[in-house]
Ligand code: FE
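Here it is in structure tokens:
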């Protein structure tokens, strides 16, 4: 069952991968979900916030390191892991959360300065801010607004020492959001 697999990733690998941030990747995703909850987001988007970086944990070689010199495409890896198990709104928000950073860098002049150093570094590997054509193309993607929302929680969920719910406490929500076939 997909949720057991996801919990396994959180527990087995979530504490190892640090993202170049003062939180583990599991803490980061749990903080993002907490931000989504605090804003009264839908359960699908809370789940998207919780799972948005699963590609760092679920894929082979997907783990991010701050000295990476290539992009490991954890956005596509995460979407691939979730596709078929969760609604398209969640899957596309995960797929587009890196594109959303490039989009926000091109469309909000205050955004880049608010990124963490690790996120500025990965931005360069991911292709930098979008061009005008890329901005226009992004705005045609289904669920791009939701991806931008997930992205903003992503940027906020990197604070050391913030208490969060555990993955286990999010399981009932994930079970409600998951497609019934999974
Ligand atoms: Fe993230």
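In the numbering used here, the protein residues as written are 246 to 427.
The beta carbon of each residue, even a glycine, is placed where N, CA and C say it ideally should be.
Please classify residue i as buried or exposed, where buried requires at least 16 other C-beta atoms within 10 Å of its C-beta.
i	result
residue 404	exposed
residue 409	buried
residue 256	exposed
residue 376	exposed
residue 346	buried
residue 218	There is simply no residue 218 to check, as the chain begins at 246 and stops at 427 in what is shown.
residue 249	exposed
residue 391	buried
residue 353	exposed
Whole angstroms is fine: what's the gap from residue i's alpha carbon to residue j's?
i	j	result
residue 268	residue 406	8 Å
residue 356	residue 369	15 Å
residue 374	residue 317	18 Å
With hydrogens ignored, establish whether the beta-carbon of residue i is closer than 6 Å to any heavy atom of the ligand FE.
i	result
residue 320	no
residue 400	no
residue 298	yes
Can you tell which of the options has its C-alpha closest to the C-alpha of residue i?
i	options	result
residue 329	281, 246, 417 and 413	246
DSSP three-state label for residue i, please.
i	result
residue 415	helix
residue 383	helix
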